[in-house]
Amino acid sequence: MKKILLVTVFTMLLFSSVFSRAEGVVDKIFLYIPNRIIDVVDIFTLELGAGPVARAELQFTEAFQFGAGVGATVKAVKAYNRQYGGCYENGWNAGFTCIMGEDMERSETSRWVQEYWEDYKGFPRPSQEIYNFYTGAKDYWAIGGTLGLGIEGTFLIHPVEIADLIAGILFFDIKGDDLTFEDFE
561 MKKILLVTVF TMLLFSSVFS RAEGVVDKIF LYIPNRIIDV VDIFTLELGA GPVARAELQF
621 TEAFQFGAGV GATVKAVKAY NRQYGGCYEN GWNAGFTCIM GEDMERSETS RWVQEYWEDY
681 KGFPRPSQEI YNFYTGAKDY WAIGGTLGLG IEGTFLIHPV EIADLIAGIL FFDIKGDDLT
741 FEDFE
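Using the numbering used here, the first residue of the sequence shown is number 561, and each one after it goes up by one.
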């Protein structure tokens with residue numbers, strides 16, 4: 561009797577493991593195209609805003625920037641870690657190579673845009689929560705720039721998201737952000 565019970569429990573555990581892995585494979589196959597399209601869209605940030613602002617900046621990661629800006633804008637946002645919507649952004653920042661300072665606040669955001677307040681002088685560290693790889697409001701490794709005088713535009717490329725797209729083509733999800741059937745339940 562004990563042997564039959566042990567074999568039954570072992571068989572149930574074995575099949576539950578196989579089925580859970582099979583569900584993951586089915587998710588990856590059926591949602592492959594939508595996930596790759598989303599990965600392509602994740603590669604860039606595009607923000608457009610208007611308000612009393614003057615800004616000209618280039619960045620080759622958060623640690624290496626040139627330019628400065630000051631002002632307030634109301635923005636439409638398509639940003640890092642799938643932030644879509646609008647926000648109010650107010651503050652200043654300045655950077656020359658690795659020497660920089662910033663006092664910037666993003667507030668009154670729509671549902672899918674993260675609020676933050678960043679205030680530092682010196683060198684930004686990638687370990688700060690705002691740059692969290694999975695949930696952060698900003699990408700530490702982004703490359704791009706912002707230009708504005710009354711009307712402001714930001715365009716950034718995210719190398720981390722490019723790596724996620726390339727790995728996704730081979731069924732690996734570096735960022736852990738691919739859709740699964742559980743997301744639709």
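The beta-carbon is built from N, C-alpha and C at its ideal position, and this holds for glycine as well.
- DSSP, reduced to helix, strand and coil, places E607 within a strand of the structure shown.
- Each of E662, N692, I690, T695 was checked against the Cα of D679, and the nearest Cα belongs to E662.
- When C-beta atoms of the segment 604-619 are compared with those of the segment 632-649, three or more pairs fall below 8 Å, so the two segments count as touching.
- Apart from the 5 residues on each side of it in sequence, G631 sits with its Cβ closer than 7 Å to the Cβ of G611, P612, V613, A614, R615 in its chain, given in chain order.
- For I729, no beta strand (DSSP E) segment is defined; the enclosing uninterrupted segment is the alpha helix (DSSP H) at 719-729.
- Nearest neighbour of L725 by Cα position, chosen from F590, V585, P594, turns out to be P594.
- Cβ atoms of D587 and T706 stay farther apart than 8 Å, at about 37 Å.
- Taking 8 Å as the cut-off, the beta carbon of F604 is found closer than this to the beta carbon of L716.
- Residue pairing for G627: DSSP places it in a beta bridge opposite E617, G655.
- Burial is judged here by how many other beta carbons sit within 10 angstroms of a residue's own beta carbon; R666 has at least 16 and is buried.
- Just measuring C-alpha positions, the residue of R642, I564, G728, Q625 sitting nearest G682 is Q625.
- Contact annotation, V637 with V673: C-beta distance approximately 5 Å; criterion of less than 8 Å satisfied.
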